[in-house]
Amino acid sequence: MNLFREIREDILAELAAMMQEGALPAGLSLDNVAVEPPRDPAHGDMASNAAMVLARPAAMKPRDIAAALAQRLEGHARIARAEVAGPGFLNLRLAPEVWGELVEAILAAPDAYGRSRMGRGQRVNVEYVSANPTGPLHVGHSRGAVFGDALAALLEYSGHEVTREYYINDGGAQVDVLARSVYERYREALGHAPEIGEGLYPGDYLVPVGKALAEKVGSRWLGQPEEVWLAEVRAFAIEAMMRLIREDLALLGVEMDNFFSEKSLYDSGRIEAAIEALREQGLIYQGVLEPPRGKMPEDWEPREQTLFRSTAHGDDVDRPIQKSDGSWTYFAPDIAYHFDKISRGFDRLVDVFGADHGGYVKRMKAAVSALSGGKVPLDIKLIQLVRLFRDGEPFRMSKRAGNFITLRDVVERVGADVTRFVMLTRKNDAPLDFDLARVLEQSRDNPVFYVQYAHARVRSVMRKAEAAGISPGAPLIEDAAEVTLAKKLAEWPRLVEIAARGHEPHRIAFYLYELASDFHALYNRGNDRPELRFLQDDAAATSAKIALPLAVSIVISAGLGILGVTPVEEMR
RNA sequence: GCUCGCGUAGCUCAGCUGGAUAGAGUGUCGCCCUCCGAAGGCGAAGGUCACAGGUUCGAAUCCUGUCGCGAGCGCCA
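Here our numbering is used: the first residue of the first sequence is 5, the next is one more, and so on.
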């Protein structure tokens with residue numbers, strides 16, 4: 005049941021009838037007709053802009069259209085009153101029994117309420133994390149991981165078929181650096197002092213990897229030149245790092261459907277194939293780029309390179325795909341990777357990148373646009389920085405080389421549920437302050453606690469009702485605080501679609517906070533007015549009262565499910 | 001210099017494909033404790049939505065420009 009959609013359909017049907025009867029010109033587009041919760045509850049339960057968006061194409065006065073529409077709508081059973089306001093708003097007040105029907109519908113199909121078919125089964129690939137396989141995940145990665153994971157769940161919830169994917173950067177120079185770093189730890193394990201020079205990864209996490217390697221191959225690579233061992237050490241190290249990363253992701257409850265290896269592109273000629281696809285469109289050429297305007301690099305000199313004409317698809321300058329020595333730039337395998345995604349038949353692609361990849365967005369979109377003939381939209385979500393605090397003070401771990409704040413540090417400190425929820429309480433393109441102490445506070449300004457607390461309160465009430473042998477019955481929703489809460493529940497399906505359409509999982513978190521707030525308001529009102537309490541002396545009254553909180557817990561549970569947070573039964 | 005993001009209450013932030021008198025939390029002030037907690041609730045005060053133009057019935061939202069903050073900026077991944 006989606007009340008907003010249903011009432012919108014009622015309005016569309018009346019508008020169609022008006023066109024049929026000549027009260028409106030035929031053939032008007034109704035796409036922009038919206039039904040929304042009004043800003044001010046005094047305006048009623050729902051508001052529509054129908055008359056205002058149709059006024060111009062119909063060449064009529066908005067208030068005239070609204071008045072005619074209002075008169076027709078008042079004949080509907082669910083609409084108690086329809087009135088025209090302001091420049092031509094249509095304000096609707098719904099029949100009181102609608103709220104009880106809504107709650108009943110939620111209880112009748114708890115798993116279905118809020119789910120949407122908006123995605124029409126479209127296949128979406130969400131790529132996230134994709135951290136270099138050179139070490140454990142750090143805090144910044146965890147925000148991307150949580151965001152991508154919640155977005156994937158949100159898209160599934162709204163009717164998409166989602167693949168969660170991780171791109172392993174195992175083809176570039178940094179995995180060679182990893183191999184050399186592990187080699188030093190290997191020597192260390194065999195009793196030699198490691199020489200961890202400038203540019204190698206110094207982190208302790210490589211010590212056990214070197215040890216494992218030593219156990220596996222013994223001393224046969226000691227004193228050997230790099231050509232002998234590099235490839236094998238690299239493969240060994242990458243595998244160890246990916247195991248580490250999977251463990252880190254598992255700590256957060258993130259599980260990928262697919263890990264895609266960059267290296268597999270090099271080995272298989274697929275980069276050449278992707279570039280060839282662009283070449284066929286005349287988008288590949290040999291050329292010399294203009295020097296960057298303004299800031300002239302010291303060592304700049306014109307060089308001929310293989311370039312991708314990304315400007316033909318909205319980029320600012322064409323981009324090199326081959327270095328002057330003929331080897332690929334990083335962009336080339338990325339093109340091939342996205343070409344692969346397209347050829348796997350995805351209808352839409354989403355990339356979740358760190359904000360430092362901002363300069364990469366236009367060229368990537370250009371490549372996808374060219375390779376898919378403009379048919380596959382690519383949305384790139386840039387995740388801004390996480391700033392760690394503790395009790396308001398910037399939080400820094402020892403600056404000792406290689407020792408940084410990891411995902412594991414944070415999750416072990418505050419738990420996966422708290423980490424996930426808090427990471428989603430800001431939109432992705434705004435920086436996030438994460439206070440390791442405050443996120444554990446039990447107070448209203450901690451949204452995790454506040455939402456969990458609402459759920460725990462309902463569960464407690466339900467346990468007591470069950471103990472008394474009372475089950476929820478036909479809901480009775482009369483008081484203003486009850487109606488406010490029911491209205492908030494009515495917004496859920498609509499909110500899911502808005503959040504899914506915009507790829508904005510943070511909206512779910514904010515909604516849950518508002519829902520919890522309306523719930524706590526009603527709950528506390530019971531302190532002064534015993535007739536509003538859920539548990540009444542009379543069993544029949546209790547049965548009618550507990551339906552609404554139960555519906556609230558169902559929606560909280562569904563929302564937390566999208567965010568990947570476990571709803572709790574009671575507060576510690 | 002160019003590109004992208006951001007600029008909303010003292011502070012931290014929401015704000016839907018453009019809608020009515022711009023909303024929360026926090027802080028300040030007033031009132032309120034037996035259903036799970038006053039770790040809370042109710043109410044009040046608090047705004048030139050950075051600035052200047054434009055588009056239109058209507059702009060925090062779209063467009064142009066300016067200012068401020070952050071990030072990125074030819075063979076680095």
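Think of the CB as a built atom: it goes at the ideal place given N, C-alpha and C, for glycine as much as any other residue. Since the structure is predicted, the reported quantities are computational estimates derived from the model, not experimental observations.
ask   = Can you check whether the CB of residue 459 is closer than 8 angstroms to the CB of residue 572?
value = yes
request  = May I have a chain-ordered list of the alpha helix (DSSP H) segments no shorter than 4 residues that lie completely inside the region 279-335?
outcome  = none
request  = Could you give the DSSP three-state label for residue 402: helix, strand or coil?
outcome  = Any reading at residue 402 must be qualified, since the residue scores a pLDDT of 45, below 50, and its modelled position is unreliable; no value is offered.
message = Pull the bridge partners of residue 355 from the DSSP assignment, please.
response = 131 and 384
message = Among the candidates 127, 390 and 335, whose CA atom is the shortest distance from the CA of residue 414?
response = 390
query = On the three-state DSSP scale, how would you describe residue 80?
reply = coil
inquiry  = Assuming contact is defined by CB atoms lying nearer than 8 angstroms, are residue 519 and residue 559 in contact in what I supplied?
reply    = yes
message = Among the candidates 491, 535 and 534, whose CA atom is the shortest distance from the CA of residue 555?
response = 491
ask   = Apart from the five residues on each side of it in sequence, which residues of its chain come closer than 6 angstroms, Cβ to Cβ, to residue 543?
value = 474
ask   = Apart from the five residues just before and just after residue 403, which ones in its own chain have a Cβ nearer than 7 angstroms to its Cβ?
value = The pLDDT assigned to residue 403 is 43, lower than 50, so where the model puts this residue is not dependable; a value taken from the coordinates is nonetheless given after this. Nothing meets the Cβ criterion.
key: CB-CB length for residue 147 against residue 436, believed under 8 angstroms   = 6 angstroms
inquiry  = Let me check understanding here. Comparing Cα to Cα, which of 205, 214, 123 and 173 lies closest to residue 190?
reply    = 214
Simplified DSSP assignment, three categories, for residue 102 = helix
key: Cα-Cα separation between residue 100 and residue 551, rounded to whole angstroms   = 16 angstroms
key: Nearest-angstrom Cβ-Cβ length linking residue 358 and residue 270, presumed shorter than 8 angstroms   = Not really, about 24 angstroms apart at Cβ, beyond 8 angstroms.
request  = Going by DSSP, name the residue or residues bridged to residue 262.
outcome  = 169
ask   = Where does residue 120 sit, in a helix, a strand or coil, going by DSSP?
value = coil
Alpha helix (DSSP H) segments (min. 4 residues) lying fully within the region 161-240 = 177-193 and 211-221
request  = Using 7 angstroms as the cut-off, classify the Cβ of residue 356 as near or not near the heavy atoms of the ligand MN, replying yes or no.
outcome  = This structure lacks the ligand MN; in fact it carries no ligand of any kind.
ask   = What did DSSP end up calling residue 413 once you bin it into helix, strand or coil?
value = helix
request  = Indicate whether residue 188 and residue 202 have their beta-carbon atoms separated by less than 8 angstroms.
outcome  = no
key: Identity of the residues DSSP links to residue 50 by a beta bridge   = 96
task = Give me the Cβ distance between residue 577 and residue 356, rounded to the nearest whole Å; I'm assuming they're in contact under 8 angstroms.
result = Residue coverage of the chain in this structure runs from 5 to 576, which leaves residue 577 outside it and unanswerable.
inquiry  = Let me check one thing: in DSSP terms, what residues is residue 89 bridge-paired to?
reply    = 93
task = Pick helix, strand or coil for residue 407, following the three-state DSSP scheme.
result = Residue placement at residue 407 cannot be trusted, given a pLDDT of 49 that sits under 50; what the coordinates show is reported in the next sentence. Coil at residue 407, not helix or strand.
inquiry  = I need the straight-line Cα distance from residue 21 to residue 31, nearest angstrom please.
reply    = 12 angstroms
query = Given residue 420, which residues of its chain have a CB within under 7 angstroms of its CB, disregarding the five upstream and five downstream residues?
reply = 255, 256 and 257
message = Do residue 292 and residue 241 have their beta-carbon atoms positioned less than 8 angstroms apart in this structure?
response = no
Rounded separation between residue 539 and residue 476 - CA only = 11 angstroms
ask   = For the alpha helix (DSSP H) that residue 453 lies in, which residues bound it at each end?
value = 451-471
inquiry  = Since residue 62 and residue 34 should fall inside the 8 angstroms C-beta cutoff, what is the C-beta to C-beta distance between them, to a whole number of angstroms?
reply    = Actually they do not touch by this definition, with Cβ atoms about 11 angstroms apart.
task = May I ask which residues mark the beginning and end of the alpha helix (DSSP H) holding residue 425?
result = 420-427
ask   = What are the start and end residues of the beta strand (DSSP E) that includes residue 394?
value = 390-394
ask   = residue 374 and residue 287 look like a contact to me (Cβ under 8 angstroms); what is the Cβ gap, rounded to whole Å?
value = 6 angstroms
inquiry  = Just list the residues that DSSP pairs residue 438 with in beta bridges.
reply    = 392
key: Sub-8 angstroms separation of residue 439 and residue 394 beta-carbons   = yes
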